[in-house]
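Novice: Numbered by the numbering used here, the letters in the sequence shown go through residues 1077 to 1205 in order.
Following this message is one structure expressed as structure tokens.
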Amino acid sequence: MPRRLISTGSPFEKTAGYSRAVIDGDFAFVAGTTGYDYTTMTMPDDVTSQSRNCFKTIEAALTEGGFTMADIVRATYYLTDVSDVDAHFAVCGEVLGDIRPAATMLIVAGLYKPEMKVEIEVTAKRRNP
């Protein structure tokens, strides 16, 4: 199976030279995804909404690549404020509570834009090739 690139159509992907996801065989590598709401074209103020939007974008990329959320085996979370961790983890529990991938949480000094509170990247492995 050849390598396949998944795009959200954002012009930033071309400018920055990345893909939302890369499908390589039975693996999907989803790039760091921030909480931008592509429906309203806005960035919500709260980490809960941003986290939900991250997972929505991730799920769309995985689905396009032929994967499901249940295929996620690894997740990395980047948050800019330690006080947002509990709210973010509540969303993680809603979305990944039964999947339970290996995960890492990092508190970082900042993301690309100051309004970005969270960024999530995941790796998935197709369970039924």
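Glycine is no exception: its CB is placed at the ideal position from the N, C-alpha and C atoms.
Kindly identify the DSSP beta-bridge partner or partners of T1110.
Specialist: As a working mapping, residue 1110 is identified with position 34 in the sequence shown. Beta-bridge pairing links T1110 to E1195.
Novice: What are the start and end residues of the beta strand (DSSP E) that includes A1178?
Specialist: Numbered from 1 along the sequence shown, position 102 holds the residue referred to as residue 1178. Looking at the DSSP string, the run of the beta strand (DSSP E) that includes A1178 is A1178 to I1183.
Novice: For the alpha helix (DSSP H) that contains L1172, what are its first and last residues?
Specialist: For this step, residue 1172 is matched to residue 96 along the sequence shown. Per DSSP, L1172 belongs to the alpha helix (DSSP H) from V1161 to L1172.
Novice: Quick one: which unbroken beta strand (DSSP E) runs of 3-plus residues sit fully inside the region 1116–1167? Chain order, please.
Specialist: You should have 1148–1155.
Novice: Counting along the chain, where does the alpha helix (DSSP H) carrying T1091 start and finish?
Specialist: The residue given as residue 1091 occupies position 15 in the sequence shown. Where T1091 is concerned, the enclosing alpha helix (DSSP H) stretches over P1087 to A1092.
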